[in-house]
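Structure record follows, encoded as structure tokens.
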Amino acid sequence: MKAMSPLEELRHSCSHILATAILRLYPDTQLDIGPPTENGFYYDVDLEKKLDASDLEAIEAEMKKVIKENQKFERIECSREEAITKIKSIGQERYKLGRLADIPEGEPISFYQNGEFIDLCAGSHVGYTKKVKAFKLLSIAGAYHRGDENNKQLQRIYGTAFGSKEELEVYLERLEQARARDHRKLGRELKLFHIDEAVGSGMVLWTPNGAIIRQELQSFIAEELRMADYEQVFTPHIGKLGLYRTSGHFPYYKESQFPPIVEPGTVEHLAESGCSCGELSNQLDSGEIDGYLLKPMNCPMHIKIFDSQPHSYRDLPVRLAEFGTVYRWEQSGELNGMTRVRGFTQDDAHIFCTEEQVGQEIQGCLDLVKLVFNTLGMQDYRVRIGLRDPDSSKYVGDAAKWDKAEAALREAAQTLEVQFVEEPGEAAFYGPKIDFVVKDVIGREWQLGTVQVDYNLPERFKLSYIGADNEKHRPVMIHRAPFGSMERFCGVLIEHFAGNFPTWLAPEQVRILPMNDDLVPQAREIEKLLKAAKIRVTVDAVADKLGAKIRKTHLDKVPHMLVLGKREAEEGKVQVKSRANPSLEGVKTPAEFMSELLQTIADKTLPESESAEAGS
RNA sequence: GCCGAAGUAGCUCAGCUGGUAGAGCAAUUCAUUCGUAAUGAAUAGGUCGUCGGUUCGAAUCCGAUCUUCGGCUCCA
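Numbering (our numbering), first residue to last: 12 to 627.
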């Protein structure tokens, strides 16, 4: 067990103080575990009473008493037999005996005691409870014992603790500020997207402003793909069920899909012959009835495009790209703004290549992902290699193919010049993958860019090409999506920029603020000039004072504004004020500003200032 | 899907123990023509998520349901 940092130690101790208080208030409680986390700690408890916010207050009050008593934390080491006796004597056998059994033979077994409270615990802890100078209980949530949904759901109490009150306040303040850049809040305020009950949960409606951002991102990637020798394709939103039986989607990921669509008359016909819904379902499973599936992935259709013609090794790699919209039945509790939805568009592509080309092609994909992240100034990501979980049966294909694919990915990742971690169980059902993972404003991780190596689907679809030896060979597939999905990527991007987009992405790039009505015609002339250069520009012709117009432009997060007053007008100039690129500021002619701005757009220049500042 | 919380005007929210709704901002209209983050006044806007129940009477109490939020599980 690795050593705890002083802060982790403090928080871990605070979770013991929490448990101490809970046992005082609810002596029947059975405790599970209470570790420190990245931003605080929690304790999982099993008690009859459903805790609510007012109970948290009472528990906090009791915790303060425990701290005031300044109890000493003492380590008690003992043998396994003694530990069993001790756990029984304190009446905590329901979970603690299982936790004790987890400790490998030969490892030391220890308890920690503070006051009347004793807990099986490896440590470490602060010396005395008074060391915990500042803490706060934050929320209650359900959490399955050992994270297994077949187990009982316990009540998890989350809290955080710091060495001083000031640090706690700074943390709570930061939390508050982070929420101000939440993409769901900014999405509404800046009119970027809308989710409507009447359309359905997890279905994103891209409103005009958001659509501009998406369009710009798509144009950007499409241009890069052209240069990297990808070919554009289009495919429909549904396909025959049989296609997905072949790919493995239908049997293997049935629970994550919308149910099949059957042909007109099928249901009525079956009903007449007295067929039950269960039988219908069985017949769909067995293939007696063929329906259609809303596509959960684009790959089977791209495979069919590849397979529509014979291929020579000279043709490879074939790279087929599509902004393909897919639909997945995500659990209702998982839906989240734009970052977890039921219908989304991937910037998808599938590369069909020879085994020798795999390394180089993965490299090309990783370069593309890195280019995307660099262009947008997203440096705060981690790289994960998702491997199969050896104990699970949810994967297609044999072990040898998986080993080959995993080795290819690992090798490519090593040349990436970023640190990566390998995580078993994170693979796709047809192959391992390299994922680029970022955090949202409240610390949740989301997978964006992904590169996946697949030896299995070519096998299932019996793909082939003719090699130099005039024999048939099996190509290897690479699935890749630098953004992941447009929805999730934009959600994360909104938070990354706190709504202050670089000029090339901003829905409104320039706003002209004429000082009074007389100057509106002149403002319209400038607007016309900029519009002719495809700049997204508006004129604020409302009879407000300048201060009000400036304020509104700031709140709308428009990157550049042109103030047009009498002074400027007489010289044929405008005053440039720029949130995004202060270096553009100054009094200059519209033509001068325009050429500088066009350069900024062409270069995809990032905002110069740290635009983390959120809202008013 | 599970645990918990919440749904009142476009947005943010108030409405105590039941007597059929209110503020600020936004919107609209009028006046103001103004020099760097809010000019003033007036007007309009809600079957209180939905359905059902209790009651003389429900935003308020009860039940169901939908949606959202925080977790858990899941995640191709």
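Note that the Cβ used here is the ideal one computed from N, Cα and C, for glycine as well.
Bear in mind that the values here come from a model prediction, so they are computed numbers and not experimental data.
- Under the three-state reduction of DSSP output, Y264 falls in the coil class, being neither helix nor strand.
- For V143, same chain residues with a beta-carbon under 8 Å away, outside a window of 5 residues either side, are L21, S24, C25, I28, I78, V137 and A172 in chain order.
- For G354, the enclosing beta strand (DSSP E) stretches over residues G354 to C364.
- Look at Q243 here: in three-state DSSP terms it is strand.
- Taking a cut-off of 8 Å on C-beta distances, the stretch 459-478 touches the stretch 400-411, as three or more cross pairs fall below it.
- When rounded, the separation of the alpha-carbon atoms in A145 and L179 is 6 Å.
- Going by C-alpha positions, N527 is about 58 Å away from I373.
- In the DSSP assignment, L236 falls within the alpha helix (DSSP H) that extends over P219 to M238.
- In the three-state scheme derived from DSSP, where H, G and I count as helix and E and B as strand, N347 is classed as strand.
- For L595, the closest alpha carbon among the candidates G576, P618 and E582 is that of P618.
- The C-beta separation of A69 from L36 comes to about 6 Å, placing the pair in contact by the 8 Å criterion.
- When the beta-carbon positions are compared, S589 and H571 come within less than 7 Å of each other.
- Following the DSSP letters along the chain, one finds D296 inside the alpha helix (DSSP H) bounded by residues C288 to S297.
- Contact between the stretch 233-245 and the stretch 327-334 is present: 3 or more CB-CB pairs across the two stretches fall below 8 Å.
- Three or more beta-carbon pairs drawn from the stretch 339-358 and the stretch 261-273 are found closer than 8 Å, and the two stretches are therefore classed as touching.
- Taking the C-beta atoms as reference points, L108 is found no nearer than 7 Å to I101.
- Taking the Cα of L131 as reference, the smallest distance to any Cα among E88, G158 and Y155 is reached at E88.
- For the pair H507 and V449, the Cα-to-Cα distance works out to about 10 Å.
- Below 8 Å, enough C-beta pairs join the stretch 350-367 and the stretch 205-216 to call them touching: three or more.
- The Cβ neighbour count for G583, taken over all protein chains shown within 10 Å, is under 16; the residue is labelled exposed.
- Secondary structure within the stretch 127-209: the alpha helix (DSSP H) runs of 4 or more consecutive residues, fully enclosed, are 176-191 and 194-200 (chain order).
- Burial state of T40 is buried, judged by a 10 Å Cβ sphere holding 16 or more other Cβ atoms.
- R491 sits in a strand when the DSSP states are folded into three classes.
- Across the structure, T514 and R185 are spaced so that their CA atoms are roughly 27 Å apart.
- Apart from sequence neighbours up to five positions away, the residues of its chain that approach G597 with a beta-carbon distance below 8 Å are Q586 and V587, ordered along the chain.
- Using a C-beta cut-off of 8 Å, the stretch 437-451 makes contact with the stretch 389-396, since at least three inter-stretch Cβ pairs fall below that distance.
- Taking a 10 Å sphere around the C-beta of K444, we find 16 or more other C-beta atoms and assign the residue as buried.
- Within its own chain, the residues whose Cβ lies closer than 6 Å to the Cβ of Y54, once the five positions on either side in sequence are excluded, are S26, L29, A30, G45 and I168, listed in chain order.
- Its chain contains I300 as the residues whose beta carbon lies nearer than 7 Å to that of Q294, once the 5 sequence neighbours on both sides are disregarded; these appear in chain order.
- Scanning its chain for C-beta atoms nearer than 8 Å, with the 5 sequence neighbours on each side dropped, one finds around Q430 the residues R393 and V394, in chain order.
- For P271, the three-state secondary structure derived from DSSP is coil.
- Taking the CA atoms as reference points, E581 sits about 50 Å from D207.
- As a beta-bridge residue in DSSP terms, D57 pairs with Q41.
- In this structure, V548 keeps its C-beta atom at 7 Å or more from the C-beta atom of L557.
- Taken through DSSP and simplified to helix, strand or coil, Y476 comes out as strand.
- Three or more Cβ pairs closer than 8 Å define a contact, and the stretch 360-376 falls short of that threshold against the stretch 217-233.
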